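Trainee:
Chains as they are written, first to last, in my numbering: chain A, 74 to 566; chain B, 74 to 566.
Right under this line is the structure:
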């Protein structure tokens with residue numbers, strides 16, 4: 074006799090197996106697929122989306138969820154049931170017609186955006202984005218009624234379960250205060266520094282080999298994943314087979330290298346999830362913010378650590394030959410340059426949060442109905458001037474058209490990037506308390522202490538605890554944005 | 074109001090979309106997947122196999138098939154319905170329990186075979202193969218009852234629809250007569266020839282570039298497919314996105330090069346299927362034999378054509394530098410060497426059919442219950458001695474353990490290879506009648522006449538006609554094995 078819990082768990086395994094094929098086909102679409110394959114691939118992925126949604130909202134599920142809650146379950150099963158219910162509630166809140174309309178509108182907007190952005194065509198883009206926003210508001214309505222949350226909070230909950238905009242605002246309020254001053258101070262300080270630029274070209278083959286060496290240094294398991302190329306770098310695949318991508322430009326090796334180190338953080342999180350539970354929601358990465366805390370632990374906390382340049386330098390010499398720019402002190406200065414710019418994904422660690430504050434404010438107003446698409450450019454220009462002292466008027470392509478998130482219908486995602494930076498700073502503060510010689514060990518190239526701390530407190534925990542409990546258990550306190558400020562002041566001033 | 078035919082067509086499109094994800098994941102498993110990904114991938118593929126089988130045997134189908142047959146249909150729809158019914162009958166003949174038992178037994182046998190073969194471990198292999206054969210006989214029983222065919226014919230029909238072992242025997246009987254003498258005569262003739270061996274090594278990167286050039290020469294559409302590497306070369310993916318693979322050894326470039334040309338024949342068939350009908354069974358490749366007739370048209374009819382060496386030679390010089398072995402006359406002699414050997418996949422065009430005669434006789438006896446697994450080695454040794462004058466006693470790994478087909482449960486497949494060689498010879502005989510200057514054109518590097526003939530008579534026809542009608546319409550006569558004999562005599566004597 075199968076218990077309701079066992080039935081639910083079997084259904085989750087089925088979703089995991091079918092989702093595996095979906096994930097590999099999506100990776101392949103980005104990394105391998107020739108142009109003429111796209112139409113058939115899109116139809117195949119849409120078919121699977123429909124099938125997965127159908128399985129995720131099967132009419133037997135409410136009864137099974139209720140029955141399982143009355144069964145004798147152990148702690149793991151309890152936590153898993155909580156996650157199964159959470160995922161089911163979100164899927165079930167949306168009528169099938171809305172799911173389909175959303176998929177259509179988002180695909181249309183994102184597809185057109187790919188040519189509209191380089192053409193700076195805001196007038197062409199705005200009507201599509203209006204439709205995407207209209208549907209996102211409907212989605213937010215449905216989720217909000219089902220979960221008893223505000224509209225924006227209901228979307229935020231999809232990416233950062235349990236987080237509310239009030240919590241984000243609590244974390245971001247001090248940031249709003251100290252960030253502009255810190256940026257000014259850091260720029261003033263760095264103005265006196267002497268930095269030698271590396272001299273290229275840096276052949277793609279050498280950069281690839283360097284990236285693999287860096288992944289090795291960061292402990293990536295190549296028997297359970299690989300590195301390939303795509304236009305937009307990402308970490309995809311499945312926990313059992315992680316597919317990272319990057320892109321190369323021969324005049325500069327740092328974007329690809331630091332991108333690879335960033336994605337390796339995502340990749341090791343996935344590789345480190347509890348294998349014995351894979352297929353169940355309890356074994357999934359906790360949230361987008363926690364995920365980003367791993368990539369930023371790798372890229373920023375470790376990758377821009379003053380001692381890390383000493384570990385990277387010999388690899389650069391090995392793959393590109395010696396040059397004075399690779400001297401560790403100079404390399405560290407290169408890795409920590411701060412310069413306000415238009416583009417979020419190119420931003421340094423210090424100015425990055427400004428890009429997020431701006432987007433968080435605008436997207437929350439859009440979803441809550443306090444702003445419309447036509448208001449975006451003026452809001453954008455005002456905040457860019459205020460936060461980064463940059464003039465973006467009329468420059469839509471490097472302004473509100475620069476990210477794929479809104480055209481793709483992803484509202485509520487942006488805050489996770491800076492929450493991730495805050496979590497990462499908090500992890501390293503906790504690590505330093507527990508391992509006082511941490512920085513000396515990093516200088517010696519002994520990164521095992523960092524990795525085992527992350528594995529113990531984040532990777533193997535997966536979704537066993539809700540985020541506040543995960544954070545409390547890992548660091549001994551709730552989310553505390555002061556660690557991020559201290560980290561930046563210490564590293565940059 | 075949806076007609077029964079429209080309902081069936083929509084179900085076929087759904088199967089096509091889900092099968093797309095399955096095909097890409099299978100290609101990825103062979104071409105990219107790291108070792109630790111295999112368990113999760115196998116589970117994911119098995120889940121999809123189950124789902125596809127479930128959709129293919131849905132209880133609504135018999136009623137829909139009957140209703141559709143009574144609806145007013147055009148010729149295309151009639152032909153498509155015939156194919157839908159054929160595929161449904163084969164899927165429906167097998168009980169779910171047998172499908173699962175077969176999958177388990179075949180996977181177990183094939184997996185163990187991968188280590189047993191190099192160890193020459195017939196004693197370890199035989200019990201697994203016995204189980205695979207037991208289940209293949211059950212499968213043949215089920216199919217045979219459903220289709221009113223003998224057991225072996227019921228399996229053969231899966232790969233070569235409409236072909237019966239009596240038809241195979243009719244085509245193979247003359248071959249049995251003339252092949253041993255022809256092999257002797259060719260060897261005697263070639264013994265007097267002077268052949269210069271190419272001098273390696275041939276770097277993998279240069280071989281890859283050469284392969285891409287050869288695919289270009291053969292008209293492969295790189296916007297709808299790609300070439301990668303795998304341990305066992307194959308042509309996979311989907312018609313909209315063909316995934317070819319090859320493997321490289323640096324001491325010899327010919328296996329990879331001719332392998333690529335062979336797979337390009339399969340690839341262009343897939344790329345040339347009628348796009349407007351893709352997703353429906355009428356738009357699928359006709360059979361394994363017709364498929365092989367395309368790869369052999371490319372590899373043997375064209376690739377070993379005396380004039381083709383003149384097209385290849387400049388490519389070899391371009392990628393490896395000049396050497397005397399690349400002189401066209403010598404290159405042609407290299408490409409047409411005949412030498413009896415143990416291994417089917419390494420065999421030349423002349424001795425290859427001997428490997429098929431042997432396997433056809435043995436597997437037919439196995440399936441019809443006239444031989445058992447323990448009889449295989451003696452049967453093999455006897456036939457290898459008789460057909461190729463080779464002693465294979467005790468050499469299981471280069472004998473009955475060399476192919477993946479039987480361990481994987483594929484009985485009834487082998488004859489398709491030689492039927493394909495016969496069809497290919499028949500296509501070129503017909504082409505020469507219609508295009509008397511064909512050979513001169515090939516010498517001029519004008520291959521378009523060959524490709525457009527194949528596109529018109531085979532690729533775009535797909536499964537519109539049953540095989541005998543396809544063959545008759547294409548060549549003006551039924552399958553006529555005399556063309557294959559004439560082709561070999563003309564090329565090799």
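From the three backbone atoms N, C-alpha and C, an ideal C-beta is built for every residue, glycine too.
On a predicted model such as this, the values are computed, not experimentally measured, just so you know.
Between residue 113 (chain B) and chain A, is there a C-beta pair that is closer than 8 Å?
Mentor: Mapped onto the second chain, residue 113 (chain B) falls at position 40. Cβ-Cβ to chain A under 8 Å: yes for residue 113 (chain B).
Trainee: Starting from the beta carbon of residue 120 (chain B), find every residue of chain A whose beta carbon is closer than 7 Å, and list them in chain order.
Mentor: For the purposes of this step, residue 120 (chain B) is taken as the residue at position 47 of the second chain. By Cβ distance, chain A contributes 87, 90 and 91.
Trainee: For the beta strand (DSSP E) holding residue 376 (chain B), just list the boundary residues, first then last.
Mentor: Residue 376 (chain B) sits at position 303 when you count from the first residue of the second chain. No beta strand (DSSP E) holds residue 376 (chain B); DSSP gives it neither H nor E.
Trainee: Let's test the definition: count the other Cβ atoms within 10 Å of the Cβ of residue 416 (chain B) and tell me whether it reaches 16, buried, or not, exposed.
Mentor: The sequence position of residue 416 (chain B) within the second chain is 343, counting from 1. That one is exposed.
Trainee: DSSP three-state call for residue 319 (chain B): helix, strand or coil?
Mentor: By 1-based counting over the second chain, the position of residue 319 (chain B) is 246. Of the three classes helix, strand and coil, the one that applies to residue 319 (chain B) here is strand, per DSSP.
Trainee: Hey, does residue 333 (chain A) have any beta-carbon neighbour from chain B nearer than 8 Å?
Mentor: As a working mapping, residue 333 (chain A) is identified with position 260 in the first chain. Not a single CB atom of chain B sits nearer than 8 Å to the CB of residue 333 (chain A).
Trainee: Can you tell me where the alpha helix (DSSP H) holding residue 311 (chain B) begins and where it ends?
Mentor: Numbered from its first residue, the second chain carries residue 311 (chain B) at position 238. Segment 308 to 311 is the beta strand (DSSP E) holding residue 311 (chain B); no alpha helix (DSSP H) there.
Trainee: Measuring only the C-alpha atoms, how far is residue 400 (chain A) from residue 277 (chain A)?
Mentor: Here residue 400 (chain A) refers to the residue found at position 327 of the first chain. Here residue 277 (chain A) refers to the residue found at position 204 of the first chain. Their Cα atoms are separated by approximately 22 Å.
Trainee: Would you say residue 427 (chain A) and residue 435 (chain A) are within 8 Å of each other, going by their C-beta atoms?
Mentor: Within the first chain, numbered from 1, the residue matching residue 427 (chain A) stands at position 354. Within the first chain, numbered from 1, the residue matching residue 435 (chain A) stands at position 362. Contact flag unset, no.
Trainee: Hey, could you find the ends of the alpha helix (DSSP H) residue 467 (chain A) is sitting in?
Mentor: In the first chain, residue 467 (chain A) corresponds to position 394, counting from 1. Careful: residue 467 (chain A) lies outside any alpha helix (DSSP H) and carries neither H nor E.
Trainee: Who are the near neighbours of residue 302 (chain B) in its chain, counting only those whose CB is closer than 8 Å to its CB and skipping five residues on each side?
Mentor: Within the second chain, residue 302 (chain B) is the residue found at index 229, counting from 1. Around residue 302 (chain B): 104, 318, 319, 320 and 321.
Trainee: Please classify residue 152 (chain A) as buried or exposed, where buried requires at least 16 other C-beta atoms within 10 Å of its C-beta.
Mentor: The sequence position of residue 152 (chain A) within the first chain is 79, counting from 1. Buried.
Trainee: May I have the straight-line CA-CA distance separating residue 193 (chain A) from residue 564 (chain A), to the nearest angstrom?
Mentor: The count along the first chain starts at 1 and reaches residue 193 (chain A) at position 120. The count along the first chain starts at 1 and reaches residue 564 (chain A) at position 491. Cα to Cα, residue 193 (chain A) sits roughly 37 Å from residue 564 (chain A).
Trainee: Of all Cβ atoms in chain B, is any one closer than 8 Å to the Cβ of residue 109 (chain A)?
Mentor: For the purposes of this step, residue 109 (chain A) is taken as residue 36 along the first chain, with counting starting at 1. Yes, its Cβ sits closer than 8 Å to a Cβ of chain B.
Trainee: Based on Cα-Cα distance, which residue from B:85, B:503, B:352 and B:478 lies nearest to residue 183 (chain B)?
Mentor: The count along the second chain starts at 1 and reaches residue 183 (chain B) at position 110. Nearest C-alpha to residue 183 (chain B): B:478.
Trainee: Run the proximity test for residue 234 (chain B): is its beta-carbon closer than 7 Å to any non-hydrogen atom belonging to the ligand GTP?
Mentor: Summarising the ligand content, the structure contains no ligands, and the ligand GTP is consequently not present.
Trainee: For the candidate residues A:116, A:132, A:155 and A:89, whose alpha-carbon lies nearest to that of residue 78 (chain A)?
Mentor: By 1-based counting over the first chain, the position of residue 78 (chain A) is 5. Closest by alpha carbon: A:155.
Trainee: Kindly say whether residue 80 (chain A), judged by its beta-carbon, lies nearer than 8 Å to any beta-carbon of chain B.
Mentor: Taking the first chain and counting its residues from 1, the one referred to as residue 80 (chain A) is at position 7. No, no contact with chain B.
Trainee: With a threshold of 8 Å between beta-carbons, can residue 257 (chain B) be considered close to chain A, or not?
Mentor: The sequence position of residue 257 (chain B) within the second chain is 184, counting from 1. Answer no: the Cβ-Cβ gap between residue 257 (chain B) and chain A never drops below 8 Å.
Trainee: Would you say residue 314 (chain A) faces chain B, with C-beta separation under 8 Å as the test?
Mentor: Along the first chain, one-based indexing puts residue 314 (chain A) at 241. Cβ-Cβ to chain B under 8 Å: yes for residue 314 (chain A).
Trainee: I think residue 310 (chain B) touches residue 298 (chain B), with their Cβ atoms under 8 Å apart; what is that distance to the nearest whole Å?
Mentor: As a working note, residue 310 (chain B) is residue 237 in the second chain. As a working note, residue 298 (chain B) is residue 225 in the second chain. The pair is a contact, with the Cβ atoms about 7 Å apart (cut-off 8 Å).
Trainee: Report yes if the C-beta distance between residue 360 (chain A) and residue 335 (chain A) is below 8 Å; otherwise report no.
Mentor: As a first step, residue 360 (chain A) must be located in the first chain, where it is residue number 287. As a first step, residue 335 (chain A) must be located in the first chain, where it is residue number 262. In this structure, residue 335 (chain A) does not lie closer than 8 Å to residue 360 (chain A) by Cβ.
Trainee: Using 8 Å as the threshold, is the C-beta distance between residue 209 (chain B) and residue 484 (chain B) below it?
Mentor: As a position in the second chain, residue 209 (chain B) is number 136, starting the count at 1. As a position in the second chain, residue 484 (chain B) is number 411, starting the count at 1. Cβ atoms of residue 209 (chain B) and residue 484 (chain B): closer than 8 Å.
Trainee: Tell me which residues of the region 280 to 292 of chain A have at least one Cβ-Cβ distance to chain B shorter than 7 Å, keeping chain order.
Mentor: none
Trainee: Using C-beta distances below 8 Å, list every residue in its chain close to residue 430 (chain B), excluding the 5 sequence neighbours before and after it, in chain order.
Mentor: For the purposes of this step, residue 430 (chain B) is taken as the residue at position 357 of the second chain. If we look at residue 430 (chain B) and ignore the five residues flanking it on each side, its Cβ neighbours are 245, 248, 249, 252, 456, 460 and 491.
Trainee: Could you tell me the boundaries of the beta strand (DSSP E) in which residue 301 (chain B) lies?
Mentor: Start at 1 with the first residue of the second chain, and residue 301 (chain B) comes out as number 228. Element bounds for residue 301 (chain B): 298 to 302.
Trainee: Going by CA-CA distance only, name the one from B:173, B:438 and B:165 that's closest to residue 123 (chain B).
Mentor: Your numbering for residue 123 (chain B) matches position 50 in the second chain. Per the Cα distances, B:173.
Trainee: If contacts are defined as beta-carbon pairs under 8 Å, then residue 97 (chain B) and residue 97 (chain A) qualify, I think. What distance do you get, rounded to the angstrom?
Mentor: Residue numbering aside, residue 97 (chain B) sits at position 24 when the second chain is read from its first letter. Residue numbering aside, residue 97 (chain A) sits at position 24 when the first chain is read from its first letter. Right, their Cβ atoms sit about 7 Å apart.
Trainee: Can you tell me which of A:546, A:518, A:90 and A:114 puts its alpha carbon nearest to the alpha carbon of residue 376 (chain A)?
Mentor: Counting from 1 along the first chain, the entry for residue 376 (chain A) is found at position 303. Looking at the Cα atoms, A:518 is the closest of the given residues.
Trainee: I'd like the list of long-range same chain contacts for residue 85 (chain B), defined as Cβ closer than 7 Å, with 5 residues on each side in sequence excluded.
Mentor: By 1-based counting over the second chain, the position of residue 85 (chain B) is 12. 157, 352, 353 and 354.
Trainee: With a threshold of 8 Å on Cβ separation, who are the neighbours of residue 453 (chain B) within its own chain once the five nearest residues in sequence on each side are excluded?
Mentor: Walking along the second chain from the start, residue 453 (chain B) turns up at place 380. For residue 453 (chain B), where only same-chain residues beyond five positions count, the Cβ hits under 8 Å are 431, 435, 465, 472 and 473.
Trainee: Rank A:279, A:358 and A:266 by C-alpha distance to the C-alpha of residue 308 (chain A) and give the top, closest one.
Mentor: Here the question's residue 308 (chain A) lines up with position 235 in the first chain. Ranking the options by Cα distance to residue 308 (chain A), first place goes to A:358.
Trainee: Beta-carbon within less than 8 Å of residue 541 (chain A)'s beta-carbon, same chain only, minus the 5 sequence neighbours each way: which residues are those?
Mentor: As a first step, residue 541 (chain A) is located in the first chain; it is residue number 468 there, counting from the start. So the list reads 235, 551 and 552, once near-sequence residues are dropped.
Trainee: Looking at chain A, which residues of the region 293 to 305 of chain B have a Cβ within less than 9 Å of any of its Cβ atoms?
Mentor: Contact residues of the region 293 to 305 of chain B toward chain A are 294, 295, 296, 297, 298, 299 and 301 (C-beta to C-beta distance below 9 Å).
Trainee: Thinking C-beta only, is residue 121 (chain A) closer than 8 Å to residue 94 (chain B)?
Mentor: For the purposes of this step, residue 94 (chain B) is taken as residue 21 along the second chain, with counting starting at 1. For the purposes of this step, residue 121 (chain A) is taken as residue 48 along the first chain, with counting starting at 1. Yes, these two residues count as a Cβ contact at 8 Å.
Trainee: Does residue 95 (chain A) come within less than 8 Å of chain B when only Cβ atoms are used?
Mentor: Here residue 95 (chain A) refers to the residue found at position 22 when the first chain is read from its first residue. True, the Cβ-Cβ gap to chain B drops below 8 Å.
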